[in-house]
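Residue numbers (the numbering used here): 4 to 118.
Structure, as structure tokens:
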């Protein structure tokens with residue numbers, strides 16, 4: 004049984020906002036079948052990352068304007084603007100520590116690759 008994706012999208016709305024582009028035209032521009040576009044639009048199929056970027060490029064919008072993923076309950080809001088402000092107007096915390104800083108524990112695989 005195929006489980007629908009939790010990723011939602013605005014492809015149908017974007018197609019209509021761009022001269023009522025047909026599913027067939029979008030499929031042609033992406034190099035996929037019309038059935039693939041239908042499945043992505045209906046949330047039955049998640050496209051590859053490459054196809055997702057291609058879809059955003061066809062419509063001339065950022066990826067986040069095409070695809071949305073629901074936040075986990077109780078998770079902090081992601082910044083909504085380039086200035087780091089959250090949707091509620093508060094400032095998002097910025098980490099000054101590098102991801103591979105001294106406080107990052109090594110895994111056995113990491114140690115093996117360094118020797």
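Backbone N, C-alpha and C define an ideal beta-carbon position, used for all residues, glycine too.
Separation of the CB atoms of residue 32 and residue 61 is rounded to 5 Å, and the pair is thereby assigned contact status at 8 Å. Residue 43 and residue 49 have their alpha carbons spaced roughly 6 Å apart.
For residue 27 and residue 74, the gap between their C-alpha atoms comes out near 32 Å. Excluding residues up to 5 positions away in sequence, 46, 47, 48, 49 lie with their Cβ nearer than 8 Å to the Cβ of residue 8 in the same chain. With distances taken between CA atoms, residue 20 lies nearest to 63 out of 63, 67, 71, 41. If you look at residue 54, you'll find it in the alpha helix (DSSP H) that goes 52-62. Within the same chain, 66, 69 come within 6 Å of residue 59 by CB-CB distance, once the 5 residues on both sides are set aside. Within its own chain, the residues whose Cβ lies closer than 7 Å to the Cβ of residue 24, once the five positions on either side in sequence are excluded, are 18, listed in chain order. Within the model, the alpha-carbon separation for residue 30 versus residue 52 is close to 16 Å.
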